[in-house]
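Protein sequences, first through last, are from chains A and B. Quick note on the working numbering: the first sequence kicks off at 60 and runs consecutively. Quick note on the working numbering: the second sequence kicks off at 60 and runs consecutively. Where a beta carbon is used, it is the ideal one built from N, C-alpha and C, also for glycine. Have a look at the structure below before the remarks.
Number of protein chains: 2
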Amino acid sequence: MKKEINIGLLGFGTVGSGVAKIIHSHQQDLQYKLGVEVSIKKVLVKNIEKERETVLAKDVFTNRLDEVLSDPSIDIIIEVMGGTTEGKEAIQQALYAGKAVVTANKDVMAEYGQELLRLADEKKCDLFYEASVGGGIPLIRTMEEGLAADRITALTGIINGTTNFILTKMKHENMSYEDALAEATALGFAEADPSADVDGIDAQRKMVILASLAFSTEIKLEDVFVRGLKEIQPGDLELAARFGYTMKMVGSAAKNEDGIEVAVEPVFFQNSHPLASVNNEYNAVYIYGDTVGETMFYGPGAGSLPTATSVTADVVAACRNILLGVNGKRHHAPQYERKIKTNCEMFARYFHRIVVQDEVGVLTKLTGIYSDHGASLASVIQHPDTNDEGAELVFITHKISRQQHLDVLATLKDTPEVLNVLSHYRVEGDES
Amino acid sequence: MKKEINIGLLGFGTVGSGVAKIIHSHQQDLQYKLGVEVSIKKVLVKNIEKERETVLAKDVFTNRLDEVLSDPSIDIIIEVMGGTTEGKEAIQQALYAGKAVVTANKDVMAEYGQELLRLADEKKCDLFYEASVGGGIPLIRTMEEGLAADRITALTGIINGTTNFILTKMKHENMSYEDALAEATALGFAEADPSADVDGIDAQRKMVILASLAFSTEIKLEDVFVRGLKEIQPGDLELAARFGYTMKMVGSAAKNEDGIEVAVEPVFFQNSHPLASVNNEYNAVYIYGDTVGETMFYGPGAGSLPTATSVTADVVAACRNILLGVNGKRHHAPQYERKIKTNCEMFARYFHRIVVQDEVGVLTKLTGIYSDHGASLASVIQHPDTNDEGAELVFITHKISRQQHLDVLATLKDTPEVLNVLSHYRVEGDES
């Protein structure tokens with residue numbers, strides 16, 4: 060019977076140092092749960108000389124990966140150093156060395172997740188990645204275990220805290236996009252270069268992970284339609300509010316008999332939708348299952364201790380499996396072939412905001428364009444505020460295909476009376 | 060290697076028939092996940108002659124429990140027949156017979172949970188009870204696995220769909236309590252005798268289960284302070300709204316160095332609190348963990364298929380453990396001694412609504428009563444609406460002990476100028 064489980068920690072940044080704190084401060088509870096001591100035996104860092112505030116002894120720090128991986132007393136490797144290539148290689152080597160692996164690296168899991176899970180299967184080692192999506196929210200485990208008996212048909216999530224913070228400030232404090240982004244940066248929610256967040260790249264990676272798991276298939280980065288926040292126009296959020304909607308930057312995925320669709324984009328949600336009231340830097344994922352119906356999982360999407368909580372929960376799972384002798388026995392290859400819907404097979408309601416020449420007959424011409432494309436309209440509203448360029452019109456469609464939506468926009472742009480297609484968004488919520 | 064796992068289903072009511080449906084309709088997915096066929100081999104019912112709409116063959120139905128339990132080919136017993144004594148005995152006998160057990164029986168788990176978990180440990184059999192709280196929301200699993208590395212310090216939950224439905228109708232459609240209850244009954248959310256729901260008994264049982272697990276201790280039914288919905292006065296919800304609060308019937312539990320407090324009662328939540336916007340028959344549990352911070356888990360709290368989804372998730376977990384040969388290896392006795400706080404050790408803000416004689420000096424006398432008891436006031440408001448009896452005053456306190464709250468109310472009731480203490484509620488949310 061093992062008396063202790065040793066960990067090799069790769070990386071000692073925000074998440075890594077959080078993991079060390081939790082394993083130290085919750086040691087008694089962990090020992091009670093597992094019946095063994097859990098220790099961080101080695102920590103891989105770039106600079107071993109750097110002064111660090113930590114309870115760990117100075118001699119656990121090393122700058123040599125092989126020193127961590129070749130230590131036979133180390134059972135579990137935690138990869139929280141980041142970097143796609145280095146992260147992937149470290150995980151591979153750890154699995155080859157027969158270690159269970161816990162990672163928070165969404166870039167690696169989005170790009171090489173299936174390959175690494177196959178390798179983990181082959182090497183009979185656990186590979187857990189709860190912290191790669193949704194920070195402290197136990198999403199992966201919920202989908203794998205809690206909803207194990209259900210068939211997930213749709214999921215929609217606020218999975219990027221920075222963009223949710225920006226949109227919350229814009230809505231509740233009437234900030235401009237630029238000011239809200241500046242505040243997010245000042246508070247440390249946004250990186251110095253915020254493009255991965257605001258362009259939807261971060262959410263795209265997380266959606267690859269979530270959708271692959273939800274639908275038991277291999278979703279690739281290029282399968283995700285991505286549209287960032289930069290196209291938002293002044294007035295869009297106020298218009299959303301006027302029609303009873305809240306704009307949220309979400310990842311969404313759905314599956315039906317035609318196939319799968321995955322997207323990351325700003326969407327108008329009916330105010331009564333549970334996601335509409337998820338504010339600030341919080342994340343939440345709304346999951347629709349065949350038999351369970353609507354569920355939502357809410358919590359901190361980032362941060363040192365929340366993310367480290369998820370990493371450490373994975374460590375507990377890995378420890379249990381090691382102690383029970385069932386390490387690496389639960390992975391599965393995806394059950395279904397990947398089949399992505401075409402634009403003609405994805406249906407949604409759309410909001411179009413258009414500036415037109417303020418002339419008689421324009422409205423008739425425009426509604427004619429919608430009907431020519433078979434796009435049925437739910438509402439047409441003349442925007443009451445003046446626009447310097449011309450008259451502003453808002454169209455909200457019934458459910459149409461993404462292709463119809465694109466075709467309508469293209470035709471509108473080619474219509475002489477249309478001065479500008481200001482903005483367009485998908486609309487989520489019941490027809491009203 | 061086992062080729063199939065057989066189930067004995069005790070009870071074929073709302074949940075039992077839902078389980079049979081899911082196991083049938085998701086059979087292919089279950090087989091893929093588990094690598095074996097999962098079959099319902101026997102179903103215990105009172106009346107085997109009754110006509111039932113089901114895919115199960117007529118000969119699987121029996122009215123003899125021993126016939127189910129003595130079948131050596133049955134690996135897992137699902138207890139969804141209800142009843143405290145019968146439920147407990149069936150679970151005990153199943154564990155003695157060496158079967159893994161899955162139950163949705165909150166009454167049994169609240170009253171005999173610790174005893175049965177100890178027996179399960181002894182008999183080396185799994186005992187899962189995800190469906191006993193929160194219907195389709197995977198709460199038990201989330202606390203045991205997802206937050207395994209954290210220390211839960213507080214949880215607050217809307218865990219009774221009927222009372223949440225009633226309060227939602229009262230708030231959003233201005234219904235009276237009686238009308239809202241009648242609609243809940245008509246829609247099948249409330250039982251013919253709704254007392255278990257509206258008096259908080261159902262929530263009390265669920266809180267015993269949740270708090271015992273959250274704090275790894277043995278909470279008993281008598282540890283839970285319970286106050287039902289019947290004391291709500293006309294106008295209370297409007298007053299809540301006027302001050303920016305929403306009334307919710309919740310179970311709450313918290314732990315600090317002084318001990319544990321558990322309560323079920325209607326509470327005023329600040330509108331910005333995530334629980335304030337959980338509406339209709341939905342349930343949601345807000346969990347605060349030491350390191351993860353705020354999380355919330357939302358979904359259907361009852362219903363045939365949602366509850367059956369949780370039961371079947373437990374079945375999947377039990378199957379996996381059986382197939383891996385680790386059935387019954389994960390239970391633990393509670394880690395901590397039970398220590399319940401006294402009324403002097405529980406602190407909260409309170410809302411008091413009082414009818415007084417409309418005379419000079421009354422307000423001074425009343426605020427004097429608060430200060431005599433060391434109860435500091437956050438706001439005192441003369442209710443602008445007239446009351447036939449006298450003037451209406453609303454007091455909102457800063458944090459005071461429950462004992463101070465009770466002492467103030469007792470003194471108020473004994474004060475000649477006080478005509479009536481109309482209502483009083485705990486207030487959740489930041490001091491404002």
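Buried or exposed: where does residue i fall if 16 or more other Cβ atoms within 10 Å of its Cβ makes it buried?
| i | result |
| --- | --- |
| residue 339 (chain B) | exposed |
| residue 209 (chain A) | buried |
| residue 197 (chain B) | buried |
| residue 435 (chain B) | exposed |
| residue 401 (chain A) | exposed |
| residue 292 (chain B) | exposed |
| residue 336 (chain A) | buried |
| residue 160 (chain B) | buried |
| residue 60 (chain B) | exposed |
| residue 182 (chain B) | buried |
| residue 80 (chain A) | buried |
| residue 367 (chain B) | buried |
| residue 259 (chain A) | buried |
| residue 307 (chain A) | buried |
| residue 430 (chain A) | exposed |
| residue 252 (chain B) | exposed |
What residue does the alpha helix (DSSP H) around residue i start on, and which one ends it?
| i | result |
| --- | --- |
| residue 256 (chain A) | 254 to 257 |
| residue 408 (chain B) | Careful: residue 408 (chain B) lies outside any alpha helix (DSSP H), inside the beta strand (DSSP E) at 406 to 415. |
| residue 369 (chain B) | 363 to 383 |
| residue 355 (chain A) | Taken as a continuous stretch (DSSP letters only), residue 355 (chain A) belongs to no alpha helix (DSSP H), being part of the beta strand (DSSP E) at 352 to 359. |
| residue 469 (chain B) | 461 to 472 |
| residue 188 (chain A) | Segment: none, residue 188 (chain A) is in no alpha helix (DSSP H) and carries neither H nor E. |
Which residues in the same chain have their Cβ closer than 8 Å to the Cβ of residue i, if we skip the five residues on either side of it in sequence?
| i | result |
| --- | --- |
| residue 122 (chain A) | 103, 104, 105, 106, 107 |
| residue 372 (chain A) | 189, 197, 200 |
| residue 130 (chain B) | 65, 67, 100, 101 |
| residue 375 (chain A) | 89, 92, 93 |
Just to confirm before moving on: does the CB-CB distance between residue i and residue j stay below 8 Å?
| i | j | result |
| --- | --- | --- |
| residue 412 (chain B) | residue 482 (chain B) | yes |
| residue 287 (chain B) | residue 201 (chain A) | no |
| residue 315 (chain B) | residue 261 (chain B) | no |
| residue 256 (chain A) | residue 305 (chain A) | no |
| residue 397 (chain B) | residue 211 (chain B) | no |
| residue 359 (chain B) | residue 352 (chain A) | yes |
| residue 484 (chain A) | residue 326 (chain A) | yes |
| residue 146 (chain B) | residue 166 (chain B) | yes |
| residue 319 (chain A) | residue 270 (chain A) | yes |
| residue 169 (chain B) | residue 280 (chain B) | yes |
| residue 441 (chain A) | residue 425 (chain A) | no |
Using a Cβ-Cβ cutoff of less than 6 Å, which residues in the same chain neighbour residue i once the five nearest sequence positions on both sides are dropped?
| i | result |
| --- | --- |
| residue 357 (chain B) | 343 |
| residue 152 (chain A) | 128 |
| residue 491 (chain B) | With a pLDDT of only 48 at residue 491 (chain B), under 50, the local geometry of the prediction cannot be trusted, and no value is derived from it. |
| residue 215 (chain A) | 309, 311, 345 |
| residue 140 (chain A) | 69, 70 |
For residue i, which residues from the same chain have a beta carbon less than 7 Å from its beta carbon, with the 5 sequence-adjacent residues on both sides left out?
| i | result |
| --- | --- |
| residue 228 (chain A) | 234, 239, 242 |
| residue 333 (chain A) | 345, 355 |
| residue 350 (chain A) | 209 |
| residue 148 (chain B) | none |
| residue 478 (chain A) | 414, 415, 416, 448, 449 |
By the DSSP assignment, the beta strand (DSSP E) with residue i in it spans what residues?
| i | result |
| --- | --- |
| residue 152 (chain B) | No beta strand (DSSP E) contains residue 152 (chain B), which is instead part of the alpha helix (DSSP H) from 143 to 155. |
| residue 69 (chain A) | 63 to 69 |
| residue 216 (chain B) | 211 to 217 |
| residue 320 (chain B) | 318 to 329 |
| residue 231 (chain B) | Counting along the chain, residue 231 (chain B) falls outside any beta strand (DSSP E), though it belongs to the alpha helix (DSSP H) covering 220 to 231. |
| residue 441 (chain A) | 436 to 441 |
| residue 429 (chain B) | No beta strand (DSSP E) holds residue 429 (chain B); the alpha helix (DSSP H) holding it covers 421 to 431. |
Selection of the segment 332 to 348 of chain A by Cβ proximity to chain B, strictly under 9 Å: 333, 335, 336, 337, 338, 341, 343, 345, 346, 348
Chain-ordered residues of the segment 196 to 214 of chain A with a beta carbon less than 8 Å from chain C: The structure shown contains no chain C; the protein chains it does contain are A and B.
Residues of the segment 383 to 396 of chain B whose Cβ lies closer than 9 Å to any Cβ of chain A, in chain order: Listed by position, the residues of the segment 383 to 396 of chain B near chain A (Cβ gap below 9 Å) are 383, 384, 385, 388, 389, 391, 394.
Contacting positions in the segment 126 to 155 of chain A - beta carbon closer than 7 Å to chain B: none
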